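Enquirer: These protein sequence lines are chains A and B, in that order.
Going by the numbering used here, the first sequence runs without a break in its numbering and finishes at 481.
Going by the numbering used here, the second sequence runs without a break in its numbering and finishes at 1133.
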Amino acid sequence: MEWEVVIGLETHVELATRTKVFCACSTRFGAEPNTQCCPVCTGMPGALPVLNRKVMEYSARAALALNCKVTKVSRFDRKNYFYPDLPKGYQISQLYLPVGREGWLPIEVNGREKRIGIHELHMEEDAGKLIHDEEMGVTRIDYNRCGVPLIEIVTEPDFRSSDEVIAYLERLRLVMLYLGVSDCKMQEGSLRCDVNLSLRPKGSGKLGTRTEMKNLGSFRAVARAIAYEAERQRRLLESGGVVIQETRRWDEEKNESLSMRTKENTNDYRYFPEPDLPAVKLTKEDLKTLQASIPELAHEKESRYCRELGLSKQDSVLLTERRALAAYYEKLLSQGVSPKEGANWIMTDLLRLMKEHSQEPEQLRLSPEHLAQVIAMTAEGRLNRGKASEVLAGIFLTDEDPAEYAACHGLEQIRDSALVTEAVRTVLGDLPEQVAQYRAGKEKLFGFFVGRCMRALKGKADPKTVNQELRRQLDG
Amino acid sequence: MDLRKLTALELGRAIKEGCCTAAEATVLALDTIREKNEENNAFITVLEERAMTRAKEVQKKIEHGELTSPLAGVPFGVKDNICTKDILTTCGSKMLSDFVPPYTATAIEKLEAAGGILLGKLNMDEFAMGSTSETSCFGPVRNPWDLSRVSGGSSGGAAAAVAAGECWYAVGTDTGGSVRQPAACCGVTGMKPSYGKVSRYGLIAYASSFDQIGSIARSAEDCAAVLKEMEGKDERDATSRRWESVSADVNQVGLLAGCFGKAEGGLMERAKIVLSSCEIAVKETEMPLMEEALAAYYIIAAAEASSNLSRYDGVKFGYRADMGRNPAQLMALSRTEGFGTEVKRRILMGTFVLSDGYYDAYYKKAMAVREGVKRKLTELFVQYDLLLLPVTVTGAPKLGESLTRPLDMYRSDCFTVMANLAGLPAVSIPWGFDCSGMPVGLQIMGPVGSDDRVLGLASQLQKLTDWHKRRPDERGGEA
C-alpha cells in the first residue's frame, strides 16, 4: 500500500513592534519575569485593550506579501478557554473576519516550483509562559509575553513532504525578515510552527484523519517530527488501526510525539465578537500605501539575480539571505560594478571581514561606494588583489577614502616599470649563484626569485609585471 | 443651615462663596454615614482619614482659586465595581473581597481632579448582576424610605446613600437599568449617559457593550454637572467617544405604554398633566419590540458576562480556594466558592448561549434583535424628540421577595434595558409614590447623543414638581 502524507501548517509569527498589541508594554525579549506587564495585559479587573495600529499595519503587509485578499473591515473575536497562562480567560484573536484570506507562497524543492495555499492570516495576542520548577514542585507564570502581537498563518493541506515544509518555512521566514515585521527566531519563539499531518492511500481524493503536533523548536525538529508521525500513522493504519484526531506533543530528546490528551482536544472556544474593540477599517488608500511599502522579496530577488544577472543559484541564495546584504549588493551594482564581480568581492572579502568583526549586514560601515572604488582600482591595476584586501581591511570600520588610505599606507601598486626593472636587476644581481642554478635548469627557483622581488618591492608590484620582467632578465 | 438639604451644586456654590468649607461638609457626611450605615448598609468601605485630608487640601486650593469646578469640595460616593487606587474594590463579591486595584478609573480620576471628596465605596449587587442589591456578600442595602424594603439594584448603595443624605452625589453603573432603577426606588435622580460618553477604563466589566458609568443625585442639574466632569474620549477605552451635540429642543414627546404589566396607575397620567403645562405635545405611542428586547438583553449581557468573569480564576488575584490538585481544579473551586448564586446563574446562561450548537439560535439571533430594537427606536425618534416611560412596574419590593423568582426580577427590567441595547441616554426622576408609599420614577429617554436634551426636560419637570426634593426622614423613614 502506497501512502501519501498530507500536511498543513499553522505558523505563529511574533511581530517586532516595540510595544504589545493592546497596551504600551515593551515586547523586548529576555527581560526579568513580570517586569513588562500592566493591568491590561494581565487582565486586571477594569482594564481595557486598545489596538496598537502598527500591529494592524504589519499584519496587513504580511497578508499582502503572501498574496492574500486583505479585508477592509477587520474585527477581533474572543477565544474563550481557561489556562493559567491566559490571564483574562480568553484570548483576543480573529475568527470571523481575519486580516487576510486565500493567499499563497511559492516554494522550490528539487528545482520544481509549487504554490502553497494560505487559508488565512489573522492577528492575535500571545499568552504568558509557564515555567515548571521541578525541584520546588511549583509552576511559575511569567506574564511578559502576554499581549505580544502574533500573526497566525494557516496553510491549506498542500504539503506532501517534509522538504516542502522546510522550504516553506525558510521562505516564510525570509518574507517576514524582508518586510521587517518579525525577526523569526525559532529559538526565541518568534516563529512557532504546529504541524497537522495525515496519511491517505496514494491517489485518494479524501483526507485522512489528522493529528496536530506542537512544541517544535527548530526546523530540524519539524523534519524529524514529520518523519516520526508519518511512520507512526503508517504502522497504525497498516495494522488495521485507526488514527485518532488529537494533539500530540513533540519530545525532541526522545525523538517521539506523545498524545496530549489533556487540555485542547475538543475545546468549544465559544467565539464571539470582541465588544471592547471597534472594527478596524482599511481604506483603498491605506491598502495602496501598504502594498507599495512591500519590497522585492527574497525569493523574487533570488530568481531575478539568476535570470537577469547571471548569478549562480548558490550565490543568489547567499546574497538574498539578508535584505540588508542584497540592498548593499544592489547599491554596489549601481556604482558600475559588474554582477559577477560584485558577488565575488562580497562573498570573499566582505563576508570575511564581517565575520571577523561580528558585524551584521545592517551594521556595515564600509560604504558600497568605497568598495566599488577598491574594485575599480584593482581592475585598473592601481592595487593588486592582495593589497586591495589590505585596504578593505583597513577601511572596513572607518570607511575612509580608499585612494587616500592606499596612498597613506603606501599600498599602491608600483606600476613604474623602471622601478620593477631596477628591483629585479638588483635582486638577481645579489643572487648570482641561484641565477646560475636556474639557468642551469633548476626551474623551481623562479618562485624564490618572485618572492624576493616582491619583498624588495614591498609587495606593491603587480605580480604579473614582476613575473614578466624576471623572465625577461633571466631568459632573455 | 443643614448642608444636607442642599443639592450638590448648591453646596459647591456655598463652599466657593465661603459660606461653609469642604471639611465641614465632609465631617457632616461622615457623621451621617456613621449614624445610618448600620441600618441601610449603603457603604462597604468608608474612608474617614483620606476624605478629611483631601477635604482640607481641596479647601485650600479652592481658596486660592486653583479649583473652579462647580463640584469642587463636594463629597461623593462611588459604587464598589469602579476601581479606586489603593482602596478596596470588591464588586460586592467574595471573589474580590480583598482586591485593591493599582489604578483609579478615569471617571473617578476626573472627579477627584475637579476637587470632589471621595467618602467611600458603595454596596451593590454582586458584580452588578441584580435589581435589588441583595446579592452582595456584604449584606443587602436597605431602602432609607422603608428599611424592610430593597433599595433597587444593582447601584442600590449609591441611590440609598444619596437618599439618606450621606453624600451629595454618587457614581453608579448602568448595564440594564442599574442606575435608573435604584434611583427610582430611592426617590432620587439617576442618569445613564449615551454609550461611550464616559470612559469604562477602571469599571469592572459585567457586560461590555452595555455598561456605562452614571450619576445619582438629588436633581437633574446635579446629575448633569457630575457627568460633565466624568465624560470625554479616553485613549484607554477604545469604545469611548465624543458624541456630537444635538438640539436640546423638545417639542413632541412620546409616551410608551406598559410591558409586563403596566406601571403604577398614576405615573403616566401625572406625566401627561405636567407636560401639558409645558406646551410640549404629548402622544401615546408603542414600542412593539419591548419583550424581545428584554430577551436579547439577557442573552447578550449574560454572554459577555460569562467571558468578562473568566479572569476570576484564583490564579493572579482575588479569591483562591485552599484545595486544588491541578490548575483546572484550583480554578473551578475558586470560582465555585468565590461567586454567588446569581452570578453563577448568569455565567452558565452566557456560556450556554455562546456554545457550539446554540450560538446561532441564541446569541446570533439576539444580536439581530438588538439591531432591530435600535432601528425601531431610531424610527420613533424621528417623530418624537424624547420618549417617556416608566422605570419599573411598582416601587421597591420587600427584602427577600425577589431572589427566589429570578425570572420575575428579570422581567421588571423591561423598561430600562432598551436604553442599554441601543446605547441611548436615559434618566429616572422621582415621580410620585406607589400605593405602599414608596417612591416611583419616570424615565426620559432620548436618541443617542441627546444627553443634554434628556436632562434638560428632566430639569424642566423638576422645576414644576417637588418629588425630587422629598426626603425619607421627613416621612419617618421606617416601615
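All C-beta atoms in this analysis are idealised placements derived from N, C-alpha and C, irrespective of residue type, glycine included.
Computed from a prediction, not measured in an experiment: that's the story for all the values here.
Can B:Ile1001 and B:Ser960 be called in contact, C-beta distance under 9 Å?
Expert: By 1-based counting over the second sequence, the position of residue 1001 of chain B is 347. By 1-based counting over the second sequence, the position of residue 960 of chain B is 306. Yes. Within cutoff.
Enquirer: Using three-state DSSP, classify B:Arg1000 as helix, strand or coil.
Expert: Working through the second sequence from its first residue, we reach residue 1000 of chain B at position 346. If DSSP states are grouped into helix, strand and coil, B:Arg1000 belongs with the helices.
Enquirer: Output the distance between the C-alpha atoms of B:Glu875 and B:Lys882, rounded to the nearest integer angstrom.
Expert: Position 221 of the second sequence, counting from 1, holds the residue named residue 875 of chain B. Position 228 of the second sequence, counting from 1, holds the residue named residue 882 of chain B. Cα to Cα, B:Glu875 sits roughly 10 Å from B:Lys882.
Enquirer: From the DSSP secondary-structure annotation, give me the bridge partner or partners of A:Asn2.
Expert: Because chain A in this structure spans residues 6 to 481, residue 2 of chain A falls outside the shown range and cannot be described.
Enquirer: Just reading off the alpha helix (DSSP H) that B:Met706 is part of, what are its end residues?
Expert: For this step, residue 706 of chain B is matched to residue 52 along the second sequence. From DSSP, the alpha helix (DSSP H) with B:Met706 extends over Glu702 to Glu717.
Enquirer: Measure from the alpha carbon of B:Glu820 to the alpha carbon of each residue in B:Gly826, B:Gly811 and B:Arg1065, then state which is nearest.
Expert: Taking the second sequence and counting its residues from 1, the one referred to as residue 820 of chain B is at position 166. For B:Glu820, the closest of B:Gly826, B:Gly811 and B:Arg1065 by C-alpha to C-alpha distance is B:Gly811.
Enquirer: Give me, in chain order, the residues of the same chain whose beta-carbon lies closer than 7 Å to that of B:Ser809; leave out the 5 immediate sequence neighbours on both sides.
Expert: Looking up residue 809 of chain B in the second sequence gives position 155. So the list reads Lys733, Met778, Gly826, Thr827, Ser832, Val833, Pro836 and Ile870, once near-sequence residues are dropped.
Enquirer: If contact is defined by three or more beta carbon pairs under 8 Å, each pair taking one atom from either stretch, is the segment 1026-1039 of chain B in contact with the segment 939-947 of chain B?
Expert: Touching, yes.
Enquirer: Any C-beta of chain B within less than 7 Å: which residues of the segment 156-172 of chain A qualify?
Expert: none
Enquirer: Measuring straight from C-alpha to C-alpha, what distance separates A:Leu179 and A:Glu326?
Expert: Along the first sequence, one-based indexing puts residue 179 of chain A at 174. Along the first sequence, one-based indexing puts residue 326 of chain A at 321. Cα-Cα distance, rounded: 7 Å.
Enquirer: Hey, is A:Ala52's beta-carbon within less than 9 Å of any beta-carbon in chain B?
Expert: In the first sequence, counting from the first residue as 1, residue 52 of chain A sits at position 47. Yes, A:Ala52 lies at the interface with chain B (some Cβ there is under 9 Å from its Cβ).
Enquirer: In three-state DSSP terms, what is B:Met749?
Expert: Walking along the second sequence from the start, residue 749 of chain B turns up at place 95. B:Met749: helix per DSSP, three-state reduction.
Enquirer: Straight-line CA distance for B:Thr995 to B:Leu1075?
Expert: Residue 995 of chain B sits at position 341 when you count from the first residue of the second sequence. Residue 1075 of chain B sits at position 421 when you count from the first residue of the second sequence. Spanning the two alpha carbons is a distance of roughly 25 Å.
Enquirer: Distance, Cα to Cα, B:Asp903 vs B:Lys670?
Expert: Position 249 of the second sequence, counted from the start, is the residue given in the question as residue 903 of chain B. Position 16 of the second sequence, counted from the start, is the residue given in the question as residue 670 of chain B. Whole-angstrom Cα-Cα distance: 32 Å.
Enquirer: In terms of alpha-carbon separation, which member of A:Glu301, A:Ala228 and A:Tyr183 lies closest to A:Asn201?
Expert: Working through the first sequence from its first residue, we reach residue 201 of chain A at position 196. That would be A:Ala228, whose Cα lies nearest to the Cα of A:Asn201.
Enquirer: Using a threshold of 9 Å, state whether the C-beta atoms of A:Arg430 and A:Gln478 are closer than that.
Expert: Within the first sequence, residue 430 of chain A is the residue found at index 425, counting from 1. Within the first sequence, residue 478 of chain A is the residue found at index 473, counting from 1. Contact: yes.
Enquirer: What do you reckon, are the CB atoms on A:Cys73 and A:Ile112 nearer than 9 Å?
Expert: Taking the first residue of the first sequence as 1, we reach residue 73 of chain A at position 68. Taking the first residue of the first sequence as 1, we reach residue 112 of chain A at position 107. In this structure, A:Ile112 does not lie closer than 9 Å to A:Cys73 by Cβ.
Enquirer: Between A:Gly347, A:Arg66, A:Leu174 and A:Leu436, which has its C-alpha nearest A:Val114's C-alpha?
Expert: For the purposes of this step, residue 114 of chain A is taken as the residue at position 109 of the first sequence. A:Val114 has its Cα closest to that of A:Leu174, out of A:Gly347, A:Arg66, A:Leu174 and A:Leu436.
Enquirer: Just by C-beta distance, which residues in the segment 1008-1029 of chain B are closer than 8 Å to chain A?
Expert: Leu1008, Ser1009, Asp1010, Tyr1013 and Tyr1017
Enquirer: Quick check on B:Asp1067: does DSSP put it in helix, strand or coil?
Expert: Along the second sequence, read from residue 1 onward, the residue named residue 1067 of chain B stands at position 413. In this structure, B:Asp1067 counts as coil in the three-state DSSP scheme.
Enquirer: Going by beta carbon distance, what residues of the same chain come within less than 7 Å of B:Gln1114, once the five residues before and after it are set aside?
Expert: In the second sequence, residue 1114 of chain B corresponds to position 460, counting from 1. The answer, listed in chain order, is Cys932.
Enquirer: Could you list which residues in chain B have their beta carbon closer than 9 Å to that of A:Lys93, in chain order?
Expert: Along the first sequence, read from residue 1 onward, the residue named residue 93 of chain A stands at position 88. The contacting residues are Ser961, Asn962, Ser964 and Arg965.
Enquirer: Quick one: which unbroken beta strand (DSSP E) runs of 3-plus residues sit fully inside the segment 1018-1082 of chain B? Chain order, please.
Expert: 1040-1044
Enquirer: Apart from the five residues just before and just after A:Ile121, which ones in its own chain have a Cβ nearer than 8 Å to its Cβ?
Expert: Sequence index remark: in the first sequence, residue 121 of chain A carries index 116 (1-based). Here the set comprises Trp109, Leu110, Pro111, Ile112, Thr160, Glu161, Asp163, Phe164, Glu169 and Tyr173.
Enquirer: Per DSSP, B:Ser869 is paired with what?
Expert: In the second sequence, counting from the first residue as 1, residue 869 of chain B sits at position 215. Looking at the DSSP assignment, B:Ser869 forms a beta bridge with B:Val825 and B:Met845.
Enquirer: Kindly indicate if chain A contains any beta-carbon less than 9 Å away from that of B:Trp981.
Expert: Position 327 of the second sequence, counted from the first residue, corresponds to residue 981 of chain B. Reading off the sequence shown, one finds Pro at residue 981 of chain B, where the question assumed Trp. Closer than 9 Å to some Cβ of chain A, the Cβ of B:Pro981 qualifies, so yes.
Enquirer: On a CA-only basis, which of B:Leu701, B:Ala662 and B:Arg895 is nearest B:Gln866? Give me that one, please.
Expert: Working through the second sequence from its first residue, we reach residue 866 of chain B at position 212. The candidate whose alpha carbon is nearest that of B:Gln866 is B:Arg895.
Enquirer: Taking B:Pro1140 as the query, report the chain A residues whose CB atoms sit under 8 Å from its CB, ordered along the chain.
Expert: Nothing about residue 1140 of chain B can be reported from this structure: the residues present for chain B run from 655 to 1133 only.
Enquirer: Alpha carbon to alpha carbon, how far is B:Tyr973 from B:Gly992? Give it in angstroms, no decimals.
Expert: By 1-based counting over the second sequence, the position of residue 992 of chain B is 338. By 1-based counting over the second sequence, the position of residue 973 of chain B is 319. Using only the alpha carbons, I get a separation of about 6 Å.
Enquirer: Give the straight-line distance between the Cα atoms of A:Asp256 and A:Leu242, rounded to the nearest whole angstrom.
Expert: Taking the first sequence and counting its residues from 1, one reaches residue 256 of chain A at position 251. Taking the first sequence and counting its residues from 1, one reaches residue 242 of chain A at position 237. Near 22 Å, if we compare the C-alpha coordinates of A:Leu242 and A:Asp256.
Enquirer: Would you mind giving the Cβ-Cβ distance between A:Pro407 and A:Gln378, rounded to the nearest angstrom? I have them listed as a contact below 8 Å.
Expert: Working through the first sequence from its first residue, we reach residue 407 of chain A at position 402. Working through the first sequence from its first residue, we reach residue 378 of chain A at position 373. Sure, about 5 Å apart at Cβ, within 8 Å.
Enquirer: State yes or no: is the beta carbon of B:Thr1005 nearer than 9 Å to at least one beta carbon in chain A?
Expert: As a first step, residue 1005 of chain B is located in the second sequence; it is residue number 351 there, counting from the start. So yes, B:Thr1005 belongs to the interface.
Enquirer: Among A:Ile12, A:Glu9 and A:Leu56, whose alpha-carbon lies nearest the alpha-carbon of A:Cys30?
Expert: One-based indexing of the first sequence puts residue 30 of chain A at position 25. That would be A:Leu56, whose Cα lies nearest to the Cα of A:Cys30.
Enquirer: Go ahead and pull the three-state DSSP assignment for A:Asn272.
Expert: Residue 272 of chain A sits at position 267 when you count from the first residue of the first sequence. Residue state, collapsed to three classes: coil.
Enquirer: Less than 9 Å between the C-beta atoms of B:Tyr1038 and B:Val907, yes or no?
Expert: As a first step, residue 1038 of chain B is located in the second sequence; it is residue number 384 there, counting from the start. As a first step, residue 907 of chain B is located in the second sequence; it is residue number 253 there, counting from the start. Taking 9 Å as the Cβ cut-off, B:Tyr1038 and B:Val907 qualify as a contacting pair.
Enquirer: Leaving out five residues on either side along the sequence, give the residues of the same chain with a beta carbon under 7 Å from the beta carbon of B:Met977.
Expert: Numbered from 1 along the second sequence, position 323 holds the residue referred to as residue 977 of chain B. These residues qualify, in order along the chain: Leu987.
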